[in-house]
Amino acid sequence: MHTGTTNQVANPNTVVWNSPGIWITYSILTAFMHLVLLSMPWFTTSVAWTLTNVVHGVGMYFFLHTIKGTPFETSDQGKYRYSTHWEQMDSGTQFTAARKFFMTTPIVLYILASFYSKYEFTHFVINTSILLLSLLPKLPQLHGVRLFGINKY
Amino acid sequence: MSVEYNQSKEWVFAEAIRSMYQAPLYHLILEGLLLVWIFRLLFFKSYKIQNKIPLSKKEKDDLVKDWTPEPLVPDLQKTLSLSTPYKEITGRPGKMITVDGKECLNLASMNFLGLLGNERIAEKSSASIRKYGVGACGPRAFYGTVDVHVELEERLAEYMKSERAISYAYGFATIASAIPAYSKRGDIIFVDEAVCFAIQKGLHASRSNIVYFRHNDLDDLEEKLKIQANLDKKDPKKASVTRKFMVVEGIYMNTGEICDLPRLVDLKYKYKVRLFVEESLSFGVLGQHGRGVTEHYNIPIDKVDLVVGSMEYALASIGGFCCGRGYVIDHQRLSGHGYVFSASLPPLLARAAVEGLDILQDEPEIFNKIRAKGKLMQELMQEVPELKISGFYESPSFHIRRKPTANQSEDEKYLKVLVDQCYQNGVCLSIASRLSHEEHIADWPASIRVSVSVEMSDDEIKMAAHVIQQAAHYAEQQI
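Have a look at this one:
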């Protein structure tokens, strides 16, 4: 994208998660969201952690695996028009550093949420399903796959 | 056996550690596997997913054996369609043109309205050189917009009776930028197979699916539209996100024929396809006020989604323009690559174009005159037995071909002899040159494009026709 004198790629979505400081920013924002939930007096600690995991997982699924294309016009004539943000990341290259980061964060949140909810069964069910929702779409076998034609165009 | 978990609102760290020891086994195993997965993840190498089928060693060896290298420098005959060197023009071209020192009647320049060398335009352009300098020195968005650019666009929109217009610095780049600004990968463009090279480059740059239909054969187009409509019925979700366009020319540069715009507009509404009309040769020629093929057929210009014209033919300036609805044109201000990334039109040329529009509005009878002269020239050419005419009967720009056609190279030789003989007798013609190996149709028949100017009197036209007739006969005897 031609933005002044910056380094130019046709689609900035492919390289945004390699920008300096963005991983730390992402972690800080997640931590902040957790602190907000934790500060609500009507949530117990377990609920706050599970809720963090749920909000993070649902948000990640929506932004990375549901919405497609770019909000701006790119000069590659719409190459990524039907690709989700996860598929656009690093132009479809699998297991790059940014992708590994995003595969790790749901797992870290899951382990923390399981610990802080004292391994109770209800919380286990919720957290594990959110973990699957976060991890399965990121596997290279599911790159570009649209189940039952949902979200294809 | 299990200890009751403390259900109080207080969360105690010691209890959390205790519950970790008493956690269900499946949960701990799952967490262990996840930690192993993270550890393995750190060592995965990144790779790109290959969509190609891997070849076996035998297949690779066969391909290597079959491969023959191409020459580093290709055969010269393929790269140049004309092997003769360029002719040199001296002085100011207009109705007469001085080629290699000899003054001839200019039937080669597409100077339809005689504005080439017009004194009024030259005066106003010189005044703008004194006012603005020579170049605008920047793209339109980066300090390259001068007030004459804005004036030119407003005047063009007003003249063409459309909402807005945008001007480009180069006629070829206009349509080649307009098409990819709207049509992207996955979209479908239905286009006449005889479109000019600029449109072909625009189609290629758009990366869309191109469907060619036979030249001016709207039955063929309708068939192809029906096929697409059937495919759309099978996959309506895909169809709802696929944009479809039709690109035609008002008067085709390669054949001189006119498009059937009323039927195209009907097809547009029937099959929901956007219509782009390229009016390089019809702007300033067709229509009661020279507004092009839409005025010729009495169709309101808003029915055509985008009209693209060139100021390099009838207006005798440089550059091109697009006109249409406001939201359509405004999109090109950021997405038209030839507009955004090229320096803007020099102000003197924009001023020349505005002056040209003034002249067109001062002399509204000029359009009937040029069409009458075009018709006259075509009628005279039709009487020549050795030549075949192709073009709309009133078009001042049409093609002549050898009637007893042999193969391509012989026809080219014949036309060269014809052009030389005409030059000897004071009529300047030029063969329609093409990059055959880069065009969509490589083996287009060789032709001469004749362009009549409104400045030529009927006697001069008759003289030119007589010269061409004699040259055609002479050339046939030489071949």
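Line order of the protein sequences matches chains A and B.
For the first sequence, my numbering gives the first residue as 36, with consecutive numbering after it.
For the second sequence, my numbering gives the first residue as 58, with consecutive numbering after it.
Yeah, the Cβ is synthetic: ideal placement off N, Cα and C, and Gly gets one too.
This structure is a prediction, so every number in the text was calculated from the model and none was measured.
Check                                                                                                                          : Outcome
A:Trp77 versus A:Trp84: straight-line alpha-carbon distance, rounded                                                           : 13 Å
Closer than 9 Å at the beta carbon, the chain B residues around A:Pro175                                                       : Tyr104, Ile106
Among B:Glu467, B:Leu275, B:Ala255, the one whose alpha carbon lies nearest that of B:Asp323                                   : B:Leu275
Per DSSP, the bridge partner or partners of B:Asn168                                                                           : Bridge partners of B:Asn168: none, in fact.
Neighbour flag for B:Lys291 against chain A, beta carbons, 9 Å                                                                 : no
9 Å Cβ cutoff, A:Thr163 in contact with chain B                                                                                : yes
Distance CB(B:Gly566)-CB(B:Phe424) smaller than 9 Å                                                                            : A question about residue 566 of chain B goes unanswered here, because the residues of chain B that appear run from 58 up to 536.
Supposed close pair B:Glu306, B:Val252 - CB separation, criterion 8 Å                                                          : 6 Å
Status (buried if at least 16 other CB within 10 Å, exposed otherwise) for B:Val60                                             : With a pLDDT of only 46 at B:Val60, under the threshold of 50, the placement of this residue in the model should not be trusted, and no figure is reported.
Runs of beta strand (DSSP E) lying entirely within the segment 155 to 231 of chain B, each at least 3 residues, in chain order : 159 to 163, 221 to 225
Short CB-CB distance (under 9 Å) between A:His178 and chain B                                                                  : yes
DSSP bridge partner residues for B:Lys301 (one or two, in chain order)                                                         : B:Ile245
7 Å Cβ shell around B:Phe398 - same chain, five flanking residues per side excluded                                            : Pro196
Cβ-based neighbour list, B:Glu533, same chain, cut-off 6 Å, excluding 5 preceding and 5 following                              : Glu443
Of the residues B:Ala503, B:Leu472, B:Lys430, the one placed nearest B:Gly171, counting alpha carbons only                     : B:Lys430
First and last residue of the uninterrupted beta strand (DSSP E) at A:His178                                                   : Run containing A:His178: none; DSSP gives neither H nor E here.
Three-way DSSP call (helix, strand, coil) for B:Met58 in this model                                                            : For B:Met58, the pLDDT reaches just 41, beneath the cut-off of 50, and the residue's location in the model is therefore unreliable, although a value from the coordinates is still provided. DSSP places B:Met58 in coil when its eight states are reduced to three.
8 Å contact criterion, which B:Ile488 and B:Lys473 should meet: CB distance rounded                                            : 7 Å
6 Å Cβ shell around B:Ser452 - same chain, five flanking residues per side excluded                                            : Ile308, Gly313, Gly431
For B:Val268, the first and last residue of its enclosing beta strand (DSSP E)                                                 : 266 to 270
C-beta atoms of B:Cys194 and B:Tyr480 nearer than 9 Å                                                                          : no
Collapsed DSSP secondary structure at B:Lys144 in the structure displayed                                                      : coil
Sheet register partners of B:Cys380 (DSSP bridge)                                                                              : B:Ala222, B:Val364
Minimum Cβ-Cβ distance from B:Glu72 to chain A less than 9 Å                                                                   : yes
Assigned exposure category for B:Gly344 - 16 Cβ within 10 Å defines buried                                                     : buried
Alpha carbon of B:Arg491 to alpha carbon of A:Gly179, nearest angstrom                                                         : 43 Å
Unbroken beta strand (DSSP E) run spanning B:Lys445, endpoints                                                                 : 444 to 447
A:Thr109 Cβ short of 8 Å to the ligand ADP heavy atom set                                                                      : This structure does not include the ligand ADP; it has no bound ligands of any sort.
Per-residue DSSP class, three states only, for B:Phe70                                                                         : helix
DSSP bridge partner residues for B:Ala400 (one or two, in chain order)                                                         : B:Pro196
Alpha-carbon spacing of B:Gly413 relative to B:Gln439, whole angstroms                                                         : 33 Å
Assigned secondary structure, B:Tyr153 (DSSP; H/G/I helix, E/B strand, else coil)                                              : Sequence inspection shows Met at residue 153 of chain B; the Tyr mentioned does not correspond to that position. It is a strand residue.
A:Gln123: contacting residues in chain B (beta-carbon distance under 7 Å)                                                      : Ordered by position in chain B, no residue passes the 7 Å Cβ test against A:Gln123, which lies about 13 Å from the chain.
Under the three-state DSSP convention, the category B:Phe100 falls into                                                        : coil
Simplified DSSP state of B:His494, which is helix, strand or coil                                                              : coil
Any C-beta of chain B under 9 Å from that of A:Ile146                                                                          : yes
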